[in-house]
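Residue numbers (our numbering): 7 to 123.
Here is the structure:
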């Protein structure tokens with residue numbers, strides 16, 4: 007493990023500022039792999055608890071591939087899905103919007119009103 011990575015891990019553990027912890031957790035989560043064991047699991051569990059802020063940060067940075075990976079960590083309710091879509095729209099992340107819409111259709115469907123005359 008690089009010395010700078012070790013410093014980041016220590017800063018994550020000691021920091022009381024959630025924005026710093028979130029930034030470090032996101033960076034380290036995507037650097038590590040599941041084989042890294044306890045360290046990977048620590049970041050994964052933290053990020054699952056901070057799912058919405060983490061997704062917002064990724065969408066703001068237009069990191070669609072990371073959004074896709076991170077989305078798979080937890081189950082999302084229809085309300086949460088709508089919130090995520092609104093965030094993606096807010097930050098102009100068109101690719102994330104399109105991907106989330108496909109996931110919404112896959113998981114919940116769109117079941118609109120019957121428009122028959």
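Yeah, the Cβ is synthetic: ideal placement off N, Cα and C, and Gly gets one too.
Asked, Found
"For the alpha helix (DSSP H) that residue 100 lies in, which residues bound it at each end?", "100-113"
"Grouping DSSP H, G and I as helix and E and B as strand, with all else coil, what is residue 11?", "helix"
"Is the separation between the beta-carbon of residue 90 and that of residue 61 shorter than 7 Å?", "yes"
"Among 102, 46 and 81, which one has its Cα closest to the Cα of residue 32?", "46"
"Short of 6 Å in beta carbon distance, which residues of its chain neighbour residue 21, apart from the five on each side in sequence? Order them along the chain.", "27"
"Once you ignore the five residues that flank residue 17 on each side, which residues in its own chain have a CB closer than 8 Å to its CB?", "26 and 30"
"Write down every uninterrupted run of the beta strand (DSSP E) in the region 32-65 whose length is 3 residues or greater and which is fully enclosed by it, in chain order.", "none"
"Can you grab the Cα-Cα spacing for the pair residue 58 / residue 86, in whole Å?", "8 Å"
"How far does the alpha helix (DSSP H) with residue 71 in it reach, from first residue to last?", "70-77"
"What would DSSP say about residue 88, mapped onto helix, strand or coil?", "helix"
"Taking DSSP as the reference, what is the three-state secondary structure of residue 95?", "helix"
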